[in-house]
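Sequences listed follow chains L and A, in order. 1370 is the number of the first residue of the first sequence in the working numbering; add one for each residue after it. 92 is the number of the first residue of the second sequence in the working numbering; add one for each residue after it.
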Amino acid sequence: GAVVSQHPSWVICKSGTSVKIECRSLDFQATTMFWYRQFPKQSLMLMATSNEGSKATYEQGVEKDKFLINHASLTLSTLTVTSAHPEDSSFYICSARDLWDREGNTEAFFGQGTRLTVV
Amino acid sequence: AQSVTQLDSQVPVFEEAPVELRCNYSSSVSVYLFWYVQYPNQGLQLLLKYLSGSTLVKGINGFEAEFNKSQTSFHLRKPSVHISDTAEYFCAVSAYAGNNRKLIWGLGTSLAVNP
């Protein structure tokens, strides 16, 4: 099946620094990628929808200047957490929609997630 | 607006017993429905999906789900569970928001399979 690679799988950073998380579709092209945040024992919270070659669409309440998303190619999207603080510590997950998915244009492929800890 | 309700936050069950994880949704339009599984500290893996056609959908790892339009339900079932099925299970409905179709998630059901 299709593979989405997310890197790094875990990262620890100091408060005030920035962290970049990469999401790559390895064997398919993805026009749209989604970034989620997940708190312990909770469901996924959609942060933003990233479309290749255009600006990301952020969900209400998500600071676009803090969570910078870049989707420069059909196989790569990045999420940068700028000036990270301990409250940004969380599990971040990306998912990708296959360009050729004709069964409903639905995302079905997830990365393995990134555990961010800000100290 | 669409919403997804997973009726049980936790389901304990013994190995080899049957299990049903319940999911109800609310939507005024045609929907696509999904079940995903998440193992600890990992991303999500698609178990199965309903887009159209037969209301009984078979997925990976022996799971199946039945779409019931009149009851707006999409319950997940497995006749005999294994220890390895211990995980978090999420039900989701696909809906358009602007120009993008995105998934509306339930809160998840934690399945604990005990020996």
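Backbone N, C-alpha and C define an ideal beta-carbon position, used for all residues, glycine too. Values in this document were obtained by computation on a predicted structure and should not be read as measured data.
Between Ser185 of chain A and Leu198 of chain A, the beta carbon gap of about 17 Å keeps them out of contact (Cβ cut-off 8 Å). The residue among L:Gly1430, L:Ser1442, L:Arg1484 with its C-alpha nearest the C-alpha of Ser1419 of chain L is L:Ser1442. Listed along chain A, no residue sits closer than 9 Å to Gln1398 of chain L by beta-carbon distance, the nearest being about 17 Å off. DSSP, reduced to helix, strand and coil, places Pro103 of chain A within a strand of the structure shown. Using a Cβ distance threshold of 7 Å, Leu112 of chain A and Leu167 of chain A count as a contacting pair.
In the structure shown, Ser1442 of chain L adopts extended strand secondary structure according to DSSP, grouped into three states. In chain A, no part has a C-beta under 9 Å from the C-beta of Ile1390 of chain L; the shortest such distance is about 12 Å. In the three-state reduction of the DSSP assignment, Glu1456 of chain L falls in the helix class, which pools H, G and I. Among the CB atoms of chain L, one or more fall inside 7 Å of the CB of Gln133 of chain A.
For Lys149 of chain A, there are no C-beta contacts with chain L under 7 Å, since the nearest C-beta of that chain is about 16 Å from it.
Taking C-beta atoms as the reference points, Val1487 of chain L and Pro1455 of chain L count as a pair closer than 7 Å.
At least one CB of chain L lies nearer than 7 Å to the CB of Gly199 of chain A. As DSSP reads the structure, Glu1391 of chain L sits in a beta bridge with L:His1376, L:Thr1447. In the three-state scheme derived from DSSP, where H, G and I count as helix and E and B as strand, Asp1467 of chain L is classed as strand. Only residues of its own chain outside the window of five on either side were considered, and among them Gln1407, Gly1482, Arg1484 have a CB closer than 6 Å to the CB of Phe1460 of chain L, listed in chain order. Residues of chain L whose Cβ lies closer than 8 Å to the Cβ of Phe181 of chain A are, in chain order, Ser1412, Leu1413. In the three-state scheme derived from DSSP, where H, G and I count as helix and E and B as strand, Ser171 of chain A is classed as coil.
Going by DSSP, Arg1484 of chain L is part of the beta strand (DSSP E) stretching over 1483-1487. Under the Cβ criterion of 7 Å, Gly1480 of chain L is counted among the residues facing chain A.
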